[in-house]
DNA sequence: GCCGGTCCTTTCCGAATGGTTACGGCCTGC
DNA sequence: GCAGGCCGTAACCATTCGGAAAGGACCGGC
């Protein structure tokens with residue numbers, strides 16, 4: 225479990241980081257609000273412990289930023305402000321929990337554990353078409369409950385076709401979606417080969433890939 | 225928004241119920257622990273505010289029951305016990321938040337709002353899958369009650385897989401969660417080796433780690 | 001009907017991916 | 001400072017994947 229600690233009091237930061245590491249967490253620490261936002265921008269933390277007062281942006285701004293950008297990180301505000309009005313403001317800015325300094329370290333750990341129990345984000349819906357069900361979370365495709373064994377590339381292509389169905393998907397879009405370097409497969413027959421392999425795995429799946437000459441491909445039922 | 229209030233002090237119960245209704249919530253109240261469980265059994269509450277000491281079953285038992293039965297209700301414990309050890313026990317029993325009496329009513333409202341924001345459904349404090357139980361607080365993993373001796377890295381990986389199950393977890397996410405410097409294991413086969421060691425300890429544990437080529441790993445039962 | 005272009009399919013092979021094992025360095029506890 | 005556990009490295013292996021190539025099918029236009 226990965227935790228971000230944003231606290232400008234060096235002594236307190238050390239205590240928190242050491243204690244958390246001791247409990248087996250992967251901890252990164254920053255001492256500025258803007259640095260905290262940077263970290264959240266690039267890494268996927270499970271929990272962030274954010275001090276209210278910090279140089280470079282208040283903790284409350286960090287929380288608001290994370291909420292605005294739909295980060296899955298659970299946010300715990302940490303502060304010396306213990307007036308009810310402050311707590312209310314902290315929580316209403318989007319924090320999931322609020323702990324007042326000085327605090328018992330064991331309680332901090334317990335609150336972190338409580339936050340970890342939150343399910344992450346919203347479950348991706350299962351795409352269904354014909355007899356085929358594609359589950360993006362499990363990365364699994366089944367036909368009548370039986371798994372179709374798709375390779376990574378085949379999966380990406382089928383996912384795109386299912387999402388767009390019944391619209392036509394251009395070759396270029398397929399290239400962009402399923403290849404790192406989207407110019408690569410256009411000069412070759414790579415896409416053709418993939419489509420052929422994919423089709424070979426679909427019969428009796430209740431869907432079929434229709435070629436639209438000069439335009440691309442489309443997924444149809446039946 | 226539907227809330228259950230379980231509090232045996234009639235005066236306090238009235239205050240809470242009136243205040244919540246005033247804020248537009250639909251509130252049911254009970255004054256016994258067993259009644260609280262009954263209500264949770266039959267109705268689908270968004271939030272339950274549960275006092276610790278009550279006739280007919282302690283609040284902590286209500287919380288444990290709700291978690292054990294996968295109730296999606298967010299649980300807030302309310303109590304006069306403010307020793308850190310009590311708070312920790314309350315939270316680790318599965319409560320999502322813990323508020324000490326006497327409290328500011330505005331803060332209660334803010335904490336309720338914070339609970340509402342989280343996606344519905346919260347995992348139990350102990351993760352269970354197949355015959356394996358993983359207790360994050362004790363940092364212990366058992367299969368059928370017998371301890372599996374996992375190393376620190378193996379534990380971190382298994383914890384992540386169990387939390388995300390049945391979703392696929394990318395290698396990069398595994399790297400971020402189980403290693404300090406997440407770029408390190410990606411260039412090597414460190415993750416592969418850890419997975420191999422972990423698998424070696426899992427047979428007959430009722431779970432299995434499935435490789436999803438090009439995507440990552442997934443924990444499945446069976 | 002012929003022709004050019006687009007698309008399909010199959011085969012082949014190099015490369016990538018991942019699993020397993022042995023080894024050795026490092027840290028910890030005694 | 002020694003023993004043992006932990007974990008990364010490297011080597012080896014099995015398997016899979018996907019693109020190149022080649023030949024054929026199909027389509028549309030003239």
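Residue numbers (my numbering), protein chains in the order written: chain A, 225 to 446; chain B, 225 to 446. All C-beta atoms in this analysis are idealised placements derived from N, C-alpha and C, irrespective of residue type, glycine included.
| query | result |
| --- | --- |
| Between which two residues does the beta strand (DSSP E) containing residue 298/B stretch? | 298-303 |
| In three-state terms, what does DSSP make of residue 333/B? | helix |
| Suppose the cutoff is 8 Å on Cβ atoms and the five residues either side in sequence are ignored; what does the same chain contact list for residue 348/B look like? | 291, 292, 294 and 318 |
| Can you list, in chain order, the residues of its chain with a C-beta nearer than 7 Å to that of residue 337/B? Leave out the 5 residues immediately preceding and following it. | none |
| What first and last residue would you give for the beta strand (DSSP E) that runs through residue 394/A? | 392-394 |
| Beta strand (DSSP E) containing residue 358/A: first to last residue? | 356-359 |
| If you run the structure through DSSP and keep just helix, strand and coil, what is residue 322/B? | strand |
| Tell me whether residue 313/B sits in a helix, a strand or coil according to DSSP, three-state version. | helix |
| Give me, in chain order, the residues of the same chain whose beta-carbon lies closer than 6 Å to that of residue 226/B; leave out the 5 immediate sequence neighbours on both sides. | 250, 269 and 270 |
| Based on the DSSP secondary-structure assignment, which residues constitute the bridge partners of residue 441/A? | 393/A and 435/A |
| Which residues share a DSSP beta bridge with residue 259/A? | Partner(s): none; residue 259/A has no beta bridge. |
| So is residue 194/A in contact with chain B if we call contact Cβ pairs under 7 Å? | For chain A, the structure presents residues 225 to 446; residue 194/A sits outside this window and is missing. |
| I'd like to check one pair, residue 386/A with residue 353/A: are the Cβ atoms closer than 7 Å? | yes |
| Going by the CB atoms, is the gap between residue 257/B and residue 280/B shorter than 7 Å? | yes |
| Who does residue 353/B pair with in a DSSP beta bridge? | 356/B |
| Give every residue of the same chain whose Cβ lies closer than 6 Å to the Cβ of residue 367/B, excluding the five residues on either side of it in the sequence, and list them in chain order. | 355, 356 and 429 |
| Residues of chain B with CB under 7 Å from residue 335/A, in chain order? | 315 |
| Can you check whether the C-beta of residue 392/B is within less than 7 Å of a C-beta belonging to chain A? | yes |
| Closer than 7 Å, Cβ to Cβ, to anything on chain B: give me those residues from the stretch 295-314 of chain A, in chain order. | 308, 311 and 312 |
| Helix, strand or coil: which one does DSSP assign to residue 383/B? | helix |
| For the structure I just gave you, are there three or more beta carbon pairs, one from the stretch 310-326 of chain A and one from the stretch 363-382 of chain B, closer than 8 Å? | no |
| Per DSSP, what are the beta-bridge partners of residue 370/B in this structure? | 367/B |
| Under the rule that 16 or more other beta-carbon atoms within 10 Å means buried, what is residue 436/A, buried or exposed? | exposed |
| Determine, using beta carbons only, whether residue 364/B comes closer than 7 Å to chain A. | no |
| Please list the partners that residue 438/B has in chain A, where partner means a Cβ-to-Cβ separation under 7 Å. | 376 |
| Do you know offhand how far residue 418/A's Cα is from residue 381/B's? | 34 Å |
| Bridge partners of residue 228/A, per DSSP? | 252/A and 272/A |
| Considering Cα atoms alone, identify which of 296/B, 400/B, 362/B and 344/B is closest to residue 350/B. | 362/B |
| Ends of the alpha helix (DSSP H) at residue 239/B? | 234-246 |
| For the alpha helix (DSSP H) that residue 420/B lies in, which residues bound it at each end? | 414-425 |
| Using 7 Å as the threshold, is the C-beta distance between residue 260/A and residue 241/A below it? | no |
| If you measure beta-carbon to beta-carbon, which residues of the stretch 226-238 of chain B are closer than 7 Å to chain A? | none |
| Closest to residue 400/B by CA distance: which of 239/A, 413/A, 236/A and 267/A is it? | 267/A |
| Hey, is residue 421/A's beta-carbon within less than 7 Å of any beta-carbon in chain B? | no |
| DSSP on residue 403/A, reduced to helix/strand/coil? | coil |
| Using the beta-carbon count (16 or more within 10 Å), is residue 320/B buried or exposed? | buried |
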